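Line order of the protein sequences matches chains A and B. Once you know that position 130 of the first sequence is 130 in this note's numbering, the rest is easy, because the numbers rise by one and skip nothing. Once you know that position 144 of the second sequence is 144 in this note's numbering, the rest is easy, because the numbers rise by one and skip nothing.
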Amino acid sequence: MATATGQTGTVAHGGPKGVFPPFNKDTFGSQLLWLAIAFAALYLLLARVALPRLAAILEVRRGRIDDDIAQAGKLKSESEAAIESYQKALAEARAKAQALAAAMRQELMAAAEQRKKQLEGGLAAKLAEAERKIEATKSAAMAHVRGIAVDTAGAIVEELVGKAPGKAAVERAVDAALH
Amino acid sequence: MKSNGLKEDASDMDPIHQFEIKKIVSFGHIGGVEIAFTNSAAFMFGAVALIVGGLMLATAGRALVPGRFQSVAEITYEFVADMLRQCTGEAGMRFFPLVFTLFSFILVLNLFGMIPGLFTVTSHIIVTVALALLVFVTVIGYGFWKNGLRFFKLFAPSGIPIYILPLVVLIEIISFLSRPLSHSVRLFANMLAGHITLKVFAGFIGMLATGLGVFGFVVGILPLSMTVALTALELLVAFLQAYVFTMLTCIYLNDALHPGH
């Protein structure tokens, strides 16, 4: 260091002409001193106060997030269990309903079968009855036909001949024609 | 160009003028060295106040869901913590306060320099050398304290054939010893060169305007746009150099923690 006493006061920090300020050795002492103080102060304040505070905030958040994730996982598994039991209950109910429906169908079919049989029996009886009536009506009608034929034949003969034939002869003739 | 006229207002045009250290209060001499509170010191303490005050204000709410300022503080914290953790692993987290202090200090001082009229502390080599030596001494001190003589394994990478080992060891030692130099000069030179370039281009605007009149105003648009672009670049450099300095610190600290490569 060639700092003469006369030089320092005026020119040291003003910078003598031609000396590049960053290489001016006269300023090094001050700069180092203040740098040391400032840097040490910054280090202590950060290390003791500011950084632990930030770390605590981040730690709390991380803990909170982890808790929330765990909570969410628990809730998820709970809801999954609920869904599973619900689906089981649903399947049971469906099976029960199907069994019930099958039994009901069986019962209804049996009842229907029975009623059908009853109905058919009734119908057959009515049919036989109707056939019998038809037969009776038919034979009754046939009997009437003979009477009408006898009368008509008697009337025709009387018209043609001018004299009524004997009833017994007409009846005989009609019977012969009918049979 | 009228060189005489330019020399008169040298303090306005001189790109070196901005780096001058100015005394604010002098405390006298210690061993022939003048100790004075200077503009440089004022900005150092300004940075300390801004960093600590900013962090304290930002975290005052201790909000679970951070606001803007708390987010910035948290992102910076995580950024530096991740950088250190990736380089050194969990073991290196004991150096986190040191690394965070270096990063925030250099970043804020660099950014102070980007405000026109303010002084750039990191453009002085004595400051960057001091910071680099702090890292260097920390690495050596912790390296020997933690590893003892095994710290020397740093200079002898494993898996090197014995006949070229002396050469490798020599190279490793030279590269190790030159670390503080490159570490400090990189930051210093970047800040210095950037600010000189900015000042030169900004000076052109005034020179053109005073020297060429109306035509000068028109042509002055060119250096003006250059200055704007350089300002953006210098903002990037201000961050990048703080990042690089911190990154290298982490890498060097890793050597102290795990010297075996």
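Every residue, glycine too, gets a C-beta built ideally from N, C-alpha and C. Predicted, not measured: the structure shown is a model, and the values here were computed from it.
Can you tell me whether Thr210(B) is buried or exposed, with buried defined as 16 or more other CB within 10 angstroms of its CB? Classification of Thr210(B): exposed, given that the 10 Å Cβ count is below 16.
Using a threshold of 8 angstroms, state whether the C-beta atoms of Phe39(A) and Phe105(B) are closer than that. Note that the C-beta distance between Phe39(A) and Phe105(B) is below 8 angstroms.
Beta-carbon proximity of Leu187(B) to Phe245(B), cut-off 8 angstroms: Yes, they are a contact pair.
Under 8 angstroms between C-beta atoms, does Pro15(B) make it to chain A? No - not a single Cβ of chain A is within 8 angstroms of the one on Pro15(B).
Which residues DSSP lists as bridging Val219(B), in chain order: Answer is none; Val219(B) lacks a bridge partner.
Which of helix, strand or coil DSSP assigns to Lys25(A): DSSP, reduced to helix, strand and coil, places Lys25(A) within a helical segment of the structure shown.
Burial state of Thr120(B) (16 or more Cβ within 10 Å): Burial call: buried.
Could you tell me whether the Cβ of Arg94(B) comes closer than 8 angstroms to any Cβ of chain A? For Arg94(B), the answer is no, since every Cβ of chain A falls outside 8 angstroms of its Cβ.
Using a C-beta cutoff of 8 angstroms, does Phe105(B) count as contacting chain A? True, the Cβ-Cβ gap to chain A drops below 8 angstroms.
Between the beta-carbon of Gly113(B) and the beta-carbon of Ala202(B), is there less than 8 angstroms? Taking a C-beta distance under 8 angstroms as the contact criterion, Gly113(B) and Ala202(B) do not qualify as a contact pair.
Gly260(B) lies in the alpha helix (DSSP H); which residues open and close that run? Segment: none, Gly260(B) is in no alpha helix (DSSP H) and carries neither H nor E.
Shorter than 8 angstroms from the beta carbon of Phe239(B) to some beta carbon of chain A? With 8 angstroms as the cut-off, Phe239(B) does not count as an interface residue toward chain A.
Measuring alpha carbon to alpha carbon, tell me which of Ala47(B), Leu57(B), Ala73(B) and Gly46(B) ends up nearest Leu58(A). That would be Ala73(B), whose Cα lies nearest to the Cα of Leu58(A).
Alpha-carbon to alpha-carbon, Ala72(A) and Leu35(A): Those two C-alpha atoms are separated by around 51 angstroms.
CB of Ala81(B) within 8 angstroms of CB of Phe95(B), strictly: In this structure, Ala81(B) keeps its C-beta atom at 8 angstroms or more from the C-beta atom of Phe95(B).
If you compare alpha carbons, which of Val108(B), Leu107(B) and Tyr77(B) is closest to Met93(B)? Closest in C-alpha terms to Met93(B), from the list Val108(B), Leu107(B) and Tyr77(B), comes Tyr77(B).
For Ala2(A), count neighbouring Cβ atoms within 10 angstroms of its own Cβ and tell me buried if that reaches 16, exposed if not. For Ala2(A), the predicted structure reports a pLDDT of 39, less than 50, and the residue's modelled location is therefore unreliable. The matter cannot be settled from this model.
Residues sharing a beta bridge with His29(B), DSSP: Answer is Glu34(B).
Please list, in chain order, all residues of the same chain as Phe204(B) whose beta carbon is under 6 angstroms from its beta carbon, the five residues on each side excluded. Only residues of its own chain outside the window of five on either side were considered, and among them Pro223 have a CB closer than 6 angstroms to the CB of Phe204(B), listed in chain order.
Scan the stretch 52 to 83 of chain B for residues whose Cβ lies nearer than 7 angstroms to a Cβ of chain E and list them as they occur along the chain. Chain labels in this structure do not include chain E; the protein chains are A and B.
Nearest residue (CA-CA) to Glu234(B), options Thr249(B), Phe215(B), Leu192(B) and Ile24(B): Taking only the C-alpha atoms, the option nearest Glu234(B) is Leu192(B).
Going by C-alpha to C-alpha distance, which of Leu50(B), Arg62(B) and Gly53(B) sits closest to Leu54(A)? Just measuring C-alpha positions, the residue of Leu50(B), Arg62(B) and Gly53(B) sitting nearest Leu54(A) is Arg62(B).
Residue-chain proximity (His124(B), chain A), Cβ-Cβ < 8 angstroms: Yes, contact with chain A.
With 16 as the cutoff for other CB atoms within 10 Å, does Leu208(B) come out buried or exposed? It counts as buried.
With 8 angstroms as the C-beta to C-beta threshold (strictly closer), list the residues of the stretch 19 to 47 of chain B near chain A in chain order. So the list reads Phe19, Glu20, Ile21, Lys22, Lys23, His29, Ile30, Gly32, Val33, Glu34, Ile35, Ala36, Phe37, Thr38, Ser40, Ala41, Met44, Phe45 and Ala47, given in the order they occur along the chain.
Nearest chain A C-beta to Phe112(B) closer than 8 angstroms, yes or no? Nearest CB-CB separation between Phe112(B) and chain A: not below the 8 angstroms threshold.
Can you check whether the C-beta of Pro180(B) is within less than 8 angstroms of a C-beta belonging to chain A? The C-beta of Pro180(B) comes no closer than 8 angstroms to any C-beta of chain A.
Is the beta carbon of Asn39(B) closer than 8 angstroms to that of Ile24(B)? It is a contact, given that the beta carbons lie within the stated cut-off.
Give me the Cα-Cα distance between Arg48(A) and Leu98(B), rounded to the nearest whole angstrom. Each residue's alpha carbon lies about 12 angstroms from the other.
Of all Cβ atoms in chain A, is any one closer than 8 angstroms to the Cβ of Val127(B)? Closer than 8 angstroms: yes.
What did DSSP end up calling Lys163(A) once you bin it into helix, strand or coil? Three-state DSSP puts Lys163(A) in coil, outside helix and strand.
Please classify Gly29(A) as buried or exposed, where buried requires at least 16 other C-beta atoms within 10 Å of its C-beta. By the neighbour-count rule (16 or more Cβ atoms within 10 Å), Gly29(A) is buried.
Using a Cβ-Cβ cut-off of less than 8 angstroms, list which residues of the stretch 186 to 215 of chain B approach chain A; keep chain order. For the stretch 186 to 215 of chain B, residues whose beta-carbon sits nearer than 8 angstroms to a beta-carbon of chain A comprise Phe188 and Leu192.
Alpha carbon to alpha carbon, how far is Ala97(A) from Ser79(A)? Going from the Cα of Ala97(A) to the Cα of Ser79(A) covers about 26 angstroms.
Check for me: the alpha helix (DSSP H) holding Glu78(B) runs from which residue to which? Arg68 to Thr88 is the span of the alpha helix (DSSP H), which, as asked, contains Glu78(B).
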